[in-house]
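All residue numbers for the sequence shown refer to my numbering, where the first residue is 558 and numbers rise by one.
Here a beta-carbon is modelled for each residue, glycine too, at the ideal position from N, C-alpha and C.
All figures in this text were calculated on a predicted structure; none of them were measured in a lab.
What follows is a short report on a single structure.
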Amino acid sequence: MAIIRKHDESNDEKLTLEINNGDYKALKAAREKFGLADEEAVLRYALAVLTQSVSDTIYIEDGTGARVGLQPSESLRKDK
Numbered sequence: 558m559a560i561i562r563k564h565d566e567s568n569d570e571k572l573t574l575e576i577n578n579g580d581y582k583a584l585k586a587a588r589e590k591f592g593l594a595d596e597e598a599v600l601r602y603a604l605a606v607l608t609q610s611v612s613d614t615i616y617i618e619d620g621t622g623a624r625v626g627l628q629p630s631e632s633l634r635k636d637k
């Protein structure tokens, strides 16, 4: 999996990401699963879900119908 940040320090209004390998496959799979227009729509939808959450836990329904809470792994969290 690879998401590579290509940030221009002189512009804090723009962030460029290169997405390839497994992360790109996951992005395409999410697009297909949710019937979204393109990969940009997947990212917009994900951002909308994350920013609307009142905590750091998002609840989903798994394949058995059980409610499961998802949180970012420690490796994704900002160092304190």
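Q: Mind checking which residues open and close the alpha helix (DSSP H) that includes Ala603?
A: Looking at the DSSP string, the run of the alpha helix (DSSP H) that includes Ala603 is Glu596 to Gln609.
Q.
Taking the alpha-carbon of Pro629 as reference, which of Ala623, Thr621, Ile615 and Asp619 has the nearest alpha-carbon?
A. Ranking Ala623, Thr621, Ile615 and Asp619 by Cα distance to Pro629 puts Ile615 first.
(Q) Counting C-beta neighbours from all protein chains within 10 Å, is the total for Val599 16 or more, i.e. buried, or is it exposed? (A) Buried.
Q | Which listed residue (Asp569, Tyr581, Glu570 and Ala587) has its alpha carbon closest to that of Ile561 | A | Checking every option, the nearest Cα to that of Ile561 belongs to Tyr581.
(Q) If I follow the unbroken alpha helix (DSSP H) through Lys563, where does it start and stop? (A) For Lys563, there is no enclosing alpha helix (DSSP H); the residue is found in the beta strand (DSSP E) stretching over Ala559 to Lys563.
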